[in-house]
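Engineer: Structure in structure tokens, see below.
Number of protein chains: 2
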Amino acid sequence: MIPGTMMHDYPLTLTAVFERAGTFFGRNDIVTRALDGSIHRYVYADYQSRVHQLSNALRRLGVESGDRVATLCWNHYRHYEAYAAVPAVGAILHTLNLRLHADDLAYIADHAGDSVVIVDQSLLPVLDQFKSKIAKLRGVIVISDGEPIPDGYHDYEALLAAESNEFDAPTIDENQGAAMCYTSGTTGRPKGVIYSHRSTVLHTLAACMTDALGICENDRILVVVPMFHANAWGIPYCAAMTGASVIFPERDLRPEPLLDLMVSERITLAAGVPTIWNAILAALDENPGRWDLSALRMTVVGGSAAPPAMIDGFERRHGVHVLQAWGMTETNPLGTLCRVKRHMSDWSDQERLNVRSKAGYAVPFVDTRHVDDSENVLDWDGQSLGELEVRGPWVAGRYYNDDEQKDRFTPDGWFKTGDIASIDAEGYVQIADRSKDVIKSGGEWISSVELENALMAHPKILEAAVFAGVHPKWDERPIAAVVLKGDETVTKQELTAYLEPKFAKFWLPDEFLFLDELPKTSVGKFKKSALREKYGDILS
Amino acid sequence: MIPGTMMHDYPLTLTAVFERAGTFFGRNDIVTRALDGSIHRYVYADYQSRVHQLSNALRRLGVESGDRVATLCWNHYRHYEAYAAVPAVGAILHTLNLRLHADDLAYIADHAGDSVVIVDQSLLPVLDQFKSKIAKLRGVIVISDGEPIPDGYHDYEALLAAESNEFDAPTIDENQGAAMCYTSGTTGRPKGVIYSHRSTVLHTLAACMTDALGICENDRILVVVPMFHANAWGIPYCAAMTGASVIFPERDLRPEPLLDLMVSERITLAAGVPTIWNAILAALDENPGRWDLSALRMTVVGGSAAPPAMIDGFERRHGVHVLQAWGMTETNPLGTLCRVKRHMSDWSDQERLNVRSKAGYAVPFVDTRHVDDSENVLDWDGQSLGELEVRGPWVAGRYYNDDEQKDRFTPDGWFKTGDIASIDAEGYVQIADRSKDVIKSGGEWISSVELENALMAHPKILEAAVFAGVHPKWDERPIAAVVLKGDETVTKQELTAYLEPKFAKFWLPDEFLFLDELPKTSVGKFKKSALREKYGDILS
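Heads up: the protein sequence lines correspond to chains U and D, in order.
Quick note: the first sequence uses my numbering, first residue 883, plus one each step.
Quick note: the second sequence uses my numbering, first residue 883, plus one each step.
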């Protein structure tokens, strides 16, 4: 082999990403809106200074290369500071999912080997429930806005105040761990992955491509997705690299305050899960003309499938473009994005909507394939359903310290996503179901996602989740749980008649449950396991 | 160190870049206009097929990993096929600059160790002049459109026709050489660099960022810059990765045919050196309303500094946005890009033009600094002039087999560009001169670029180059060589009076030469060495 003559020893590090924000975009602002509506605003020059102080403080506390520093925080600027400062000292930022049960948090923080936790003062009661289970824990840093700090804990602001705003950055190997996330663990125990500097840098470059999220210096990004959810889908890194402004809503994710913030901060890009966007769409529909979203170039929806009715509703009724993306904690998370291709530009709105409702085709350097139960690779015919497998430089090659999960990685180097999908000739992936949510009726697969998409297009339905009920004859049959809008009413007969023209007869749900709300996971997906547990035997 | 758990062994290869075009964007077209005006058009699906055939053919000819395969070709689709097929077999694509002197070509092709040359039938006479000097040469492949192929040479189309369009790609190490370029060697002998798969992939990702070239699937890119000029600035790779259409003008770079092509192919992005754009601007000015360039989102100008008058003329008179970029063969080539920052959006047109006339600030993962003669790093004060140094994953760390050039690389890991520049507090680099073109009058530096920019803003001047004349008292004094528009006339006194308010008195040229044309280098830059040679002693 004849190697290139370029600087191959120049490592791809997050330090370069974050330093760039301060060096070139020092005047661009970072905004946090607190629960009481007050605004904290500063610029990347301030941010850089404080990141350096935090890095120095971590060093003074004895944080060394490879140490895991956890955060238990809402979405705000100091959490963003930790994103930069922890990997800058060579340590690993571990964003804890504050909505998990204390038992899961205990398992996760202990399994990760967290030695320091940075926690919001408001979340100390959560930390108190599992702190004693973290074997290696030796320091807690509390972020407070003047509220008293318990004895024995460090005060975030006091630590920073004692440090220089110049930081002597260590040399970092690009394969070194930079950040760590655990899956929310809806099946089995949570599994952790460690993103390296390299993988996150490459993910950031890909995400900033015009055909991906197109993040640029002119953007003002509302980070609705929690910063513990696959590190807010990597958006904070994209923002720092390009100098885009980030706007953090802290913990208030109600639709109206979010919409107010989108107007007042002239948001250009906002990212979150479908359940959030569904609520926002309902608020927009109920208050025509109240919010001016003309600055918004796009919303990014991921985490679970965006129903076509939502994509269409945003676009047609409110002029808001919705981009669907698919990914997982194990893919850092960007895997596919649903851009409509050039040759489809003269297709009808309905045809384009059909495309846009898919997960999309793979971003550069992510490979996709789907396989049957015997690991035979299936054709890209848009029909055959199989388990989606992916590989690429920001896809997990293994779980952290978890040999039991080895079967999620194929011998030829692919990660088994657990999603059941088809892929069409253009490369568009369509997710039919999480494999754990698949409904198998008399040996035939029924896609809960397709049924949900159809139900959510019904004018009276706000949310719908379809899950498997145990059935004496067919093994499993679909049950639909729906939440109606406002004080609407509808009958099972009406909904069955509504679905009938769209699906084969055996796909139609055997039962409809009318609920006040649907259970959701810690990251805002429908929690079908809870529905199955409570209602799964009503057919038997 | 605790490594990440991601797939670090997934290599960054050009194979993935080029395969992506065929896999996802098979319907998007690739266009070549021949010298006779005829159009060749096919799509990425055809391209992928033929690239596979060419890879198979190269293998059959015995091309192995690390072999250098040269091209001596104009800008056309078959050259683009070689871009993909050569690195796909693990070999190194060496694009020869067909405008160089045969002696230089002989040195370059032999020094590179080229074993196969792919040559346009029309360029066989050029190859014949130096072919015998290439020690390792063992095969010549001729690209012809039916013209007879000399005995002993391979016919490109016949080779492809004999091969399968399925290719079994080898495993490639990302640091492996993929492409090779030599500097045009205006000073000293030519120096070669080998781009690795990794360096070109990273360059491609950075170039596709919205704030860089923003190349996307909707683009139709006119590749005016020669494909041997730092591999057309990497644009072919960006196009393949995103599915953008590329339009090749083959060898006809006259302004009117280029403008016709921009209209007929609805070009969205075009890239070339300032001398080309200057001629295009003149054609636009002379023919108001003749060409509809409404599809054009941007022109990218690089290779040498774009005069402010040109940037302004395009924008104000023709609504065409000009983006200035700086780079070198040694930087793959993208180093800096001149985007106007968000906080400058309300500046006056003149203030923004002043910014846009600079080389710009560094793209992500390129570091910039400038140093004085003793290698002291200078402040970013927008004033201090020093040699620009850069580093980054797509910057050369050494020249290929050329120990004599070691002093171009600093002990602390930077590449010395040879450009004299200032850097301001916002990170904008402004190139004052190539170090070899600097004029040093009585110990003071005079920027030839600034004088040229001022002269080219004069309504009667088409082109201007300022160079150093030997002077008995001041060592060197500036001489301006100008080409007037059409049949304009102007005197030395008029030009001196025009410059006087803009510069210190000692900057004003001692002499003005009125020439019919300016000598240019093989890549279209002003060839000041030729001017110095011919006119350098007229002051002594």
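We treat Cβ as the ideally placed atom computed from N, Cα and C, and that holds for glycine.
1. Quick one: is Gln1423/U buried, meaning 16 or more other Cβ sit within 10 Å of its Cβ, or exposed?
2. Could you check the C-alpha separation between Pro1030/U and Val1022/U for me, to the nearest Å?
3. Cβ of Val1107/D within 9 Å of Cβ of Gly1209/D?
4. Of the residues that make up the segment 926 to 959 of chain U, which ones have a beta carbon closer than 9 Å to any beta carbon in chain A?
5. Excluding five sequence neighbours on each side, which residues of the same chain lie with their C-beta closer than 8 Å to the C-beta of Ser1256/D?
6. Any idea what DSSP makes of Val1311/D, helix, strand or coil?
7. Give a yes or no on whether the C-beta atoms belonging to His1085/U and Gln1058/U are separated by under 9 Å.
8. Output, in chain order, the set of chain D residues within a Cβ distance shorter than 7 Å of Trp1229/U.
9. Per DSSP, Trp1327/U forms a beta bridge with which residues?
10. Count the CB pairs spanning the segment 1088 to 1096 of chain D and the segment 1007 to 1027 of chain D that are closer than 8 Å, and state whether there are at least three.
11. Given that a residue counts as buried once 16 or more other Cβ atoms are within 10 Å of its Cβ, and exposed if not, what is Asp1357/U?
12. Have a look at Gln930/U and Tyr1243/U and give me their C-alpha separation to the nearest angstrom.
13. Starting from the C-beta of Phe1130/D, find all residues in its chain whose C-beta is less than 6 Å away, skip the five residues before and the five after it, and write them out in chain order.
14. Just curious, the beta strand (DSSP E) that Phe1394/D is in, first and last residue?
15. Residues of the segment 1086 to 1114 of chain D with a CB closer than 8 Å to any CB of chain U: list them in chain order, please.
16. What does a CB cutoff of less than 6 Å around Gly1309/U pick up in its chain, not counting 5 residues either side in sequence?
17. Please state whether DSSP places Lys1384/U in a helix, a strand or coil.
18. How far does the alpha helix (DSSP H) with Ile1117/D in it extend, from its first residue to its last?
19. Note the first and the last residue of the continuous beta strand (DSSP E) segment covering Glu1048/U.
20. With a cut-off of 9 Å, does the C-beta of Leu1019/U fall near any C-beta of chain D?
21. Report the three-state DSSP secondary structure of Ala1346/D (helix, strand or coil).
22. Can the beta-carbon of Pro1137/D be found less than 9 Å from the beta-carbon of Ala1164/D?
23. Does DSSP classify Cys1063/U as helix, strand or coil?
24. Give the residues of chain U in contact with Gln1058/D, contact being defined as C-beta atoms less than 9 Å apart.
25. With H, G and I counted as helix, E and B as strand and the rest as coil, what does DSSP make of Thr1218/U?
26. Can the beta-carbon of Ala1153/D be found less than 9 Å from the beta-carbon of Met1144/D?
27. Could you tell me whether the Cβ of Trp1276/D comes closer than 9 Å to any Cβ of chain U?
28. Give me the DSSP bridge partner(s) of His1353/D.
29. Between which two residues does the alpha helix (DSSP H) carrying Leu1413/U extend?
30. How about Tyr962/D and Ile1000/D: are their beta carbons less than 9 Å apart?
31. Nearest chain D C-beta to Val1075/U closer than 9 Å, yes or no?
32. What is the residue span of the alpha helix (DSSP H) that Met1192/D lies within?
33. If you draw a straight line from the C-alpha of Asn910/U to the C-alpha of Ser1066/U, how long is it?
34. From the DSSP output, which residues share a beta bridge with Trp1208/D?
35. How long is the line joining the alpha carbons of Val925/D and Asp1261/U, rounded to whole angstroms?
36. Please tell me whether Thr1426/D has its Cβ less than 9 Å away from any Cβ of chain U.
Structural biologist: Taking the coordinates as given:
1. As displayed, chain U neither begins before 883 nor continues past 1422, which places residue 1423/U out of reach and without an answer.
2. In the first sequence, counting from the first residue as 1, residue 1030/U sits at position 148. In the first sequence, counting from the first residue as 1, residue 1022/U sits at position 140. Per the coordinates, the alpha-carbon of Pro1030/U lies some 14 Å from the alpha-carbon of Val1022/U.
3. Within the second sequence, the letter at position 225 stands for residue 1107/D. Within the second sequence, the letter at position 327 stands for residue 1209/D. No, Cβ-Cβ distance for Val1107/D and Gly1209/D is not below 9 Å.
4. You won't find chain A in this structure, because its protein chains are U and D.
5. Locating residue 1256/D in the second sequence gives position 374, counting from the first residue. Result list for Ser1256/D: empty, nothing under 8 Å.
6. Along the second sequence, read from residue 1 onward, the residue named residue 1311/D stands at position 429. Looking at Val1311/D - three-state DSSP - the assignment turns out to be strand.
7. As a first step, residue 1085/U is located in the first sequence; it is residue number 203 there, counting from the start. As a first step, residue 1058/U is located in the first sequence; it is residue number 176 there, counting from the start. No, Cβ-Cβ distance for His1085/U and Gln1058/U is not below 9 Å.
8. The sequence position of residue 1229/U within the first sequence is 347, counting from 1. Under the 7 Å cutoff, chain D gives no residues; its nearest Cβ is about 13 Å from Trp1229/U.
9. Taking the first residue of the first sequence as position 1, residue 1327/U is located at position 445. Partner(s): Lys1322/U.
10. No, because fewer than three Cβ pairs between the segment 1088 to 1096 of chain D and the segment 1007 to 1027 of chain D fall closer than 8 Å, the two stretches do not touch.
11. As a working note, residue 1357/U is residue 475 in the first sequence. So Asp1357/U ends up on the exposed side.
12. For this step, residue 930/U is matched to residue 48 along the first sequence. For this step, residue 1243/U is matched to residue 361 along the first sequence. Looking at the two C-alpha atoms, the distance is approximately 36 Å.
13. Taking the first residue of the second sequence as position 1, residue 1130/D is located at position 248. Taken in chain order, the residues that qualify are Thr914, Asn957, His958 and Val1105.
14. As a position in the second sequence, residue 1394/D is number 512, starting the count at 1. Segment Glu1393 to Phe1396, the beta strand (DSSP E) holding Phe1394/D.
15. Flagged, chain order: Leu1087, Ala1088, Cys1090, Met1091, Thr1092, Asp1093, Gly1096, Ile1097, Cys1098, Glu1099 and Asn1100.
16. Position 427 of the first sequence holds residue 1309/U. The beta carbon of Gly1309/U sits closer than 6 Å to those of Tyr1243, all from its chain and outside the five residues before and after it, given in chain order.
17. Working through the first sequence from its first residue, we reach residue 1384/U at position 502. Helix at Lys1384/U.
18. On the second sequence, position 235 is the one that residue 1117/D refers to. Ile1117 to Thr1124 is the extent of the alpha helix (DSSP H) around Ile1117/D.
19. Start at 1 with the first residue of the first sequence, and residue 1048/U comes out as number 166. First-last for Glu1048/U: undefined, no H or E at that position.
20. Here residue 1019/U refers to the residue found at position 137 when the first sequence is read from its first residue. Residue-level contact by beta carbon fails for Leu1019/U and chain D, as no gap is shorter than 9 Å.
21. Indexing the second sequence from 1 puts residue 1346/D at position 464. In the structure shown, Ala1346/D sits in a strand (DSSP, three-state: E or B).
22. Indexing the second sequence from 1 puts residue 1137/D at position 255. Indexing the second sequence from 1 puts residue 1164/D at position 282. Yes, they are a contact pair.
23. Reading the first sequence from its first residue, position 181 is the one you call residue 1063/U. Strand.
24. The count along the second sequence starts at 1 and reaches residue 1058/D at position 176. The contacting residues are Met883, Ile884, Pro885 and Gly886.
25. For the purposes of this step, residue 1218/U is taken as residue 336 along the first sequence, with counting starting at 1. Residue state, collapsed to three classes: strand.
26. Stepping through the second sequence from its first residue, residue 1153/D is reached at position 271. Stepping through the second sequence from its first residue, residue 1144/D is reached at position 262. Remark: C-beta atoms of Ala1153/D and Met1144/D do not approach each other more closely than 9 Å.
27. Reading the second sequence from its first residue, position 394 is the one you call residue 1276/D. At a cut-off of 9 Å between C-beta atoms, Trp1276/D counts as an interface residue with respect to chain U.
28. Stepping through the second sequence from its first residue, residue 1353/D is reached at position 471. For His1353/D, DSSP records a beta bridge to Asp1357/D.
29. As a working note, residue 1413/U is residue 531 in the first sequence. Leu1413/U -> alpha helix (DSSP H) spans Lys1410 to Tyr1417.
30. Locating residue 962/D in the second sequence gives position 80, counting from the first residue. Locating residue 1000/D in the second sequence gives position 118, counting from the first residue. Using a Cβ distance threshold of 9 Å, Tyr962/D and Ile1000/D do not count as a contacting pair.
31. Reading the first sequence from its first residue, position 193 is the one you call residue 1075/U. Output row for Val1075/U: interface = yes.
32. For the purposes of this step, residue 1192/D is taken as the residue at position 310 of the second sequence. Counting along the chain, the unbroken alpha helix (DSSP H) around Met1192/D starts and ends at Pro1190 to His1200.
33. As a first step, residue 910/U must be located in the first sequence, where it is residue number 28. As a first step, residue 1066/U must be located in the first sequence, where it is residue number 184. Rounded to the nearest angstrom, the two C-alpha atoms are 34 Å apart.
34. In the second sequence, the residue the question calls residue 1208/D occupies position 326. Note: Trp1208/D sits in a beta bridge opposite Thr1218/D.
35. Walking along the second sequence from the start, residue 925/D turns up at place 43. Walking along the first sequence from the start, residue 1261/U turns up at place 379. A direct Cα-to-Cα measurement between Val925/D and Asp1261/U gives close to 22 Å.
36. Outside the shown range of chain D (883 to 1422) lies residue 1426/D, about which nothing can therefore be said.
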